[in-house]
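Worksheet: one structure, shown below.
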Amino acid sequence: MTERAPLKLGPDGAGEEGAVTLRFIGAAQTTTGSLHRLRTEEGDLILDCGLYQGHREEAEAWNRQLPVRADRVRAVVLSHAHVDHCGSLPLLVKRGFRGPIWTTPATADLLPIMLFDSAHLQAGDIERVNRKLPANQQKTPLYTEEDVEATMRLVRTARYGEHFEPMKRVEGRFVDAGHILGSSAVHLTVGTRDGRKTTVGFTGDLGRTDVPLLRDPEPLGDVDWYLSESTYGDREHEDESGVEKHLRDVVVSTVARGGKLLIPAFAVGRTQLLVYLLHQLRYRHEIPDVPIYVDSPMARKATDVFRNHKDLYDGDARQFLSCCGPLFDAARTSYVEDRTESQALNRVEGPAIIISSSGMLEGGRMVHHGMHHGGDPRNTLLFVGYQAEHTLGRRLLDGAKEYRAFGEEHILRAKIEEISGLSAHADRRGLLAYVKKLDRPPQRTFLVHGEPEKIDALKGYLAASGLTGVTGPAPGDWFKLL
Ligand SMILES: [Zn+2]
Ligand SMILES: [Zn+2]
0 MTERAPLKLG PDGAGEEGAV TLRFIGAAQT TTGSLHRLRT EEGDLILDCG LYQGHREEAE
60 AWNRQLPVRA DRVRAVVLSH AHVDHCGSLP LLVKRGFRGP IWTTPATADL LPIMLFDSAH
120 LQAGDIERVN RKLPANQQKT PLYTEEDVEA TMRLVRTARY GEHFEPMKRV EGRFVDAGHI
180 LGSSAVHLTV GTRDGRKTTV GFTGDLGRTD VPLLRDPEPL GDVDWYLSES TYGDREHEDE
240 SGVEKHLRDV VVSTVARGGK LLIPAFAVGR TQLLVYLLHQ LRYRHEIPDV PIYVDSPMAR
300 KATDVFRNHK DLYDGDARQF LSCCGPLFDA ARTSYVEDRT ESQALNRVEG PAIIISSSGM
360 LEGGRMVHHG MHHGGDPRNT LLFVGYQAEH TLGRRLLDGA KEYRAFGEEH ILRAKIEEIS
420 GLSAHADRRG LLAYVKKLDR PPQRTFLVHG EPEKIDALKG YLAASGLTGV TGPAPGDWFK
480 LL
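Position 337 (the sequence shown) corresponds to 336 in numbering that gives the first Met the number 0; numbering is contiguous.
Printed below as a string of structure tokens:
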């Protein structure tokens, strides 16, 4: 593995009078903490303001630093509601930012769910840390719920295709990135006082074509400077047409054993996709009619946002909605709110499907369900998302049969299954296809949001296809655009 670039910014030389510059601050040579700064004569605009998620002390130091001058930032343009793209916004506001935060209506609806959850998690973390610290060394969270409320007051929305003016001499436009509900790729036209102009395109996180529920990524148009994500720059996904069949087989075999199917899933996006897929399978009588429990207050809130943005569904989902019933509310599907109801699921008799977070079994209600039902060989634990190193999800997936949770030893006898075809990110073919859809090859392509080895691999792949001027900027690197 290539050594990861240190979380340190190089010197900021981007201060030249009359110049337009782009500086890569976060998600440069890494996949987290998305933040890019466009400096113009009228002040700074930042693309995304994400939280760095990773090794504890390193993440904490980086996030507290938030290396942008809040007083110089005139506007934020936000690609989507994942915390690695929006999770530092409340800190920016706490430091004095009062400009507009432009995003799509669906992202604006998902944003408070994500940010309040982030503030809540931080409060819990800080409390645990402070218990071990003397009174004079107590830490404070990065931000609180009040900062989130102040952040939400600054949000402004534009629909896909609509033009907006985030700040003087900058015009913006969102197109659907097909990554999560409301996700966008961003097109900016930037001008100078003497009438020069240039264009910037930013993929945000790019989704895949032909995935259920979401629409395909839409082309960005004409772009001089292009920022592309590179999460899976080195690989080609498995064909996801096998996903439905795999899901069907897992449900059918678990129910045939009289067991319960436990699915740890991220509350926003992945959970709704699963419920929709299960409803389709049930509608076609491909799986038995067993109860489905979505046990997560965050998933319930996020599902409301999905219900309110039907116009963003793909053609198949809209057709299913008109002919065959609601996507997320079919009979025998319940959304479990409070803790007592969640605990009551331990007493449910017979086969059932329980979807709950966290997706990697790092805390959350699913760990309780896993402890309760994991010892029964009739049951199945089905992983549907990426399992990071050092998480309980990864250890179980790698074959661990004994694990410790909440101070007790447990033995896993439930069957383990994995569906790997559900990624929300384009693979290298998708990333290449998207740059090829630009009106003309960009002057320069900057690869961001990827580990160094993925960026190197993607650079080679794009070069082989004839694209020139591809670079993977390091944190702090800046380029003169105009
Ligand atoms: Zn994302
Ligand atoms: Zn991301």
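All C-beta atoms, glycine included, are put in the ideal place defined by N, C-alpha and C.
Would you kindly report the start and end of the unbroken alpha helix (DSSP H) that includes residue i?
{"i": "Leu132", "result": "Leu132 -> no alpha helix (DSSP H), and no H or E assigned at all."}
{"i": "Leu246", "result": "241–255"}
{"i": "Phe305", "result": "296–307"}
{"i": "Thr150", "result": "144–151"}
{"i": "Thr339", "result": "338–343"}
{"i": "Val72", "result": "Segment 72–76 is the beta strand (DSSP E) holding Val72; no alpha helix (DSSP H) there."}
{"i": "Phe319", "result": "314–323"}
{"i": "Thr191", "result": "Here Thr191 belongs to no alpha helix (DSSP H), and DSSP marks it neither H nor E."}
{"i": "Asp328", "result": "It is not in any alpha helix (DSSP H) - Asp328 carries neither H nor E in the DSSP assignment."}
{"i": "Leu34", "result": "First-last for Leu34: 34–39, but that is the beta strand (DSSP E), not the alpha helix (DSSP H)."}
{"i": "Arg364", "result": "364–372"}
{"i": "Val92", "result": "88–93"}
{"i": "Thr270", "result": "269–282"}
{"i": "Glu401", "result": "Careful: Glu401 lies outside any alpha helix (DSSP H), inside the beta strand (DSSP E) at 401–404."}
{"i": "Ile454", "result": "451–463"}
Are residue i and residue j closer than 8 Å when you measure CB to CB?
{"i": "Tyr334", "j": "Val366", "result": "no"}
{"i": "Leu457", "j": "Asp233", "result": "yes"}
{"i": "Val174", "j": "Leu187", "result": "no"}
{"i": "Thr106", "j": "Leu77", "result": "yes"}
{"i": "Ala239", "j": "Gly420", "result": "Contrary to the premise, residue 239 reads as Glu rather than Ala in this sequence. Closer than 8 Å, so yes."}
{"i": "Arg443", "j": "Trp101", "result": "no"}
{"i": "Pro211", "j": "Leu272", "result": "yes"}
{"i": "Ser227", "j": "Thr253", "result": "no"}
{"i": "Ala149", "j": "Met113", "result": "no"}
{"i": "Gly17", "j": "Gly32", "result": "no"}
{"i": "Trp477", "j": "Leu21", "result": "yes"}
{"i": "His448", "j": "Ala26", "result": "yes"}
{"i": "Leu219", "j": "His178", "result": "no"}
{"i": "Gly190", "j": "Arg158", "result": "no"}
{"i": "Ile262", "j": "Leu395", "result": "no"}
{"i": "Leu480", "j": "Leu431", "result": "no"}
{"i": "Glu401", "j": "Ile410", "result": "yes"}
{"i": "Arg36", "j": "Ala69", "result": "no"}
{"i": "Leu110", "j": "Val154", "result": "yes"}
{"i": "Pro482", "j": "Arg331", "result": "Given a span of 0 to 481 for the chain in the structure shown, any question on residue 482 remains unanswerable."}
{"i": "Leu120", "j": "Ser87", "result": "no"}
Quick one: give me the first and last residue of the beta strand (DSSP E) that residue i is part of.
{"i": "Pro165", "result": "162–166"}
{"i": "Tyr225", "result": "224–228"}
{"i": "Leu46", "result": "42–46"}
{"i": "Ala80", "result": "Neither: Ala80 is in no beta strand (DSSP E) and is coded neither H nor E."}
{"i": "Leu446", "result": "443–447"}
{"i": "Asp175", "result": "169–175"}
{"i": "Lys414", "result": "414–417"}
{"i": "Thr103", "result": "Here Thr103 belongs to no beta strand (DSSP E), and DSSP marks it neither H nor E."}
{"i": "Leu261", "result": "259–263"}
{"i": "Val154", "result": "154–156"}
{"i": "Gly25", "result": "20–25"}
{"i": "Leu480", "result": "It is not in any beta strand (DSSP E) - Leu480 carries neither H nor E in the DSSP assignment."}
{"i": "Glu57", "result": "No beta strand (DSSP E) contains Glu57, which is instead part of the alpha helix (DSSP H) from 55–64."}
Given 7 Å as the limit, tell me if residue i has its C-beta closer than that to any heavy atom belonging to ligand 1.
{"i": "Ile112", "result": "no"}
{"i": "Asp116", "result": "no"}
Shorter than 7 Å, the distance from the beta carbon of residue i to the closest heavy atom of ligand 2, or not?
{"i": "Ser33", "result": "yes"}
{"i": "His372", "result": "no"}
{"i": "Asp83", "result": "yes"}
{"i": "His367", "result": "no"}
{"i": "His448", "result": "yes"}
Pop quiz: residue i and residue j are said to be a contact at Cβ under 8 Å. What is the actual Cβ separation, rounded to whole angstroms?
{"i": "Gln28", "j": "Gly471", "result": "7 Å"}
{"i": "Gly241", "j": "Tyr282", "result": "No, Gly241 and Tyr282 are not in contact; Cβ-Cβ is about 20 Å, not under 8 Å."}
{"i": "Ile352", "j": "Leu277", "result": "7 Å"}
{"i": "Arg71", "j": "Glu41", "result": "With 8 Å as the limit, Arg71 and Glu41 do not qualify as a contact, their Cβ atoms being about 10 Å apart."}
{"i": "Asn208", "j": "Gly406", "result": "Here residue 208 turns out to be Thr, not Asn, going by the sequence shown. Actually they are not in contact, since the Cβ atoms of Thr208 and Gly406 sit about 46 Å apart, beyond 8 Å."}
{"i": "Ser295", "j": "Ser356", "result": "5 Å"}
{"i": "Pro474", "j": "Lys138", "result": "Pro474 to Lys138, Cβ: 25 Å. No contact."}
{"i": "Val67", "j": "Ile45", "result": "6 Å"}
{"i": "Pro89", "j": "Val147", "result": "5 Å"}
{"i": "Gly392", "j": "Met359", "result": "4 Å"}
(message) Using a strict less-than 5 Å threshold between each residue's beta carbon and the heavy atoms of ligand 1, what residues do you get?
(response) His81, Asp204
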